[in-house]
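Here's the structure, in structure tokens; my notes come after.
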Amino acid sequence: DAKTTQPNSMESNEEEPVHLPCNHSTISGTDYIHWYRQLPSQGPEYVIHGLTSNVNNRMASLAIAEDRKSSTLILHRATLRDAAVYYCILRGGFGSGTYKYIFGTGTRLKVLA
Amino acid sequence: DTGVSQNPRHKITKRGQNVTFRCDPISEHNRLYWYRQTLGQGPEFLTYFQNEAQLEKSRLLSDRFSAERPKGSFSTLEIQRTEQGDSAMYLCASVGVDGYTFGSGTRLTVV
Numbered sequence: 001d002a003k004t005t006q007p008n009s010m011e012s013n014e015e016e017p018v019h020l021p022c023n024h025s026t027i028s029g030t031d032y033i034h035w036y037r038q039l040p041s042q043g044p045e046y047v048i049h050g051l052t053s054n055v056n057n058r059m060a061s062l063a064i065a066e067d068r069k070s071s072t073l074i075l076h077r078a079t080l081r082d083a084a085v086y087y088c089i090l091r092g093g094f095g096s097g098t099y100k101y102i103f104g105t106g107t108r109l110k111v112l113a
Numbered sequence: 001d002t003g004v005s006q007n008p009r010h011k012i013t014k015r016g017q018n019v020t021f022r023c024d025p026i027s028e029h030n031r032l033y034w035y036r037q038t039l040g041q042g043p044e045f046l047t048y049f050q051n052e053a054q055l056e057k058s059r060l061l062s063d064r065f066s067a068e069r070p071k072g073s074f075s076t077l078e079i080q081r082t083e084q085g086d087s088a089m090y091l092c093a094s095v096g097v098d099g100y101t102f103g104s105g106t107r108l109t110v111v
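Chains as they are written, first to last, in the numbering used here: chain A, 1 to 113; chain B, 1 to 111.
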């Protein structure tokens, strides 16, 4: 299973944009890039995913490098409720086996008021 | 769609006792996963069901652990003869086309 590398922690001021990086140099051509976040005492929560093109949804944007060896999760205006651990995960497409996720330790985002 | 439900939310047990956790997935999801998470770490894969069939088990799942999913609906995870090292958050997830939906987990404390 391909691995991802993320910084252990980051800080941001409230209402400012946050860019959370992820390196995945061993990504395969069929691996999707998924982002989840985990609030204290909760299970991980889906944020966004993509394959090759940049993606936007109501929660965030995902920018994927042209060679797909890195990606960046963008929170456009951080709020105190965005303080969480953010996980970047690679997942094969349907039919590629167990479809299990391999979590790293993620990036702990601290948002300062 | 009421999400993935896990019960109990918290369980404190004495070392050597058996415990059982329950997970009710999203009804139309046929894939169900169990993960374990210790403090400061990301979740670790334990096992996976497609409908009622258990298709993969991690080496983390010792002989004291057993999981079932009768009729392909809810699932149970049982730990026999609990040890202090079993203290963790046990997470269940069911899978749809966009990815996983996790429950809030069962936090087990073995004293």
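By construction, the Cβ of each residue, glycine as well, lies at the ideal position given by its N, Cα and C atoms.
Residue i versus residue j - alpha carbon distance
i: A:Ile-89; j: A:Asn-56; result: 17 Å
i: A:Cys-22; j: B:Gln-50; result: 30 Å
i: A:His-49; j: B:Gly-85; result: 34 Å
i: A:Thr-107; j: B:Tyr-48; result: 26 Å
i: A:Met-10; j: B:Lys-71; result: 44 Å
i: A:Leu-51; j: A:Leu-20; result: 17 Å
i: A:Glu-16; j: A:Leu-73; result: 14 Å
i: B:Gln-80; j: A:Ala-113; result: 46 Å
i: B:Pro-25; j: B:Ala-67; result: 14 Å
i: A:Lys-100; j: B:Gly-40; result: 20 Å
i: B:Arg-64; j: B:Ala-53; result: 19 Å
i: B:Val-4; j: A:Gln-38; result: 15 Å
With 16 other Cβ atoms within 10 Å as the buried cut-off, status of residue i
i: B:Ile-12; result: exposed
i: B:Arg-9; result: exposed
i: B:Ser-73; result: exposed
i: A:Asp-82; result: buried
i: A:Ser-28; result: exposed
i: A:His-24; result: buried
i: B:Gly-105; result: buried
i: A:Pro-7; result: exposed
Limits of the beta strand (DSSP E) - the one that residue i falls within
i: A:Leu-75; result: 70–75
i: B:Ile-12; result: 10–13
i: B:Ile-79; result: 75–79
i: B:Lys-57; result: 53–57
i: A:Lys-110; result: 107–112
i: B:Gly-96; result: 88–96
i: B:Gln-37; result: 31–37
i: A:Asp-82; result: No beta strand (DSSP E) contains A:Asp-82, which DSSP labels as neither H nor E.
i: B:Asp-63; result: Note, B:Asp-63: premise wrong, no beta strand (DSSP E); not H, not E.
i: B:Gly-99; result: 99–102
i: B:Val-110; result: 106–110
(request) Could you tell me whether the region 83–103 of chain B touches the region 28–39 of chain B, using the rule of 3 or more Cβ pairs below 8 Å? (result) yes
(request) Note down, one range per segment and in chain order, each beta strand (DSSP E) of at least 3 residues found wholly within the region 12–62 of chain A. (result) 18–23, 32–38, 45–50
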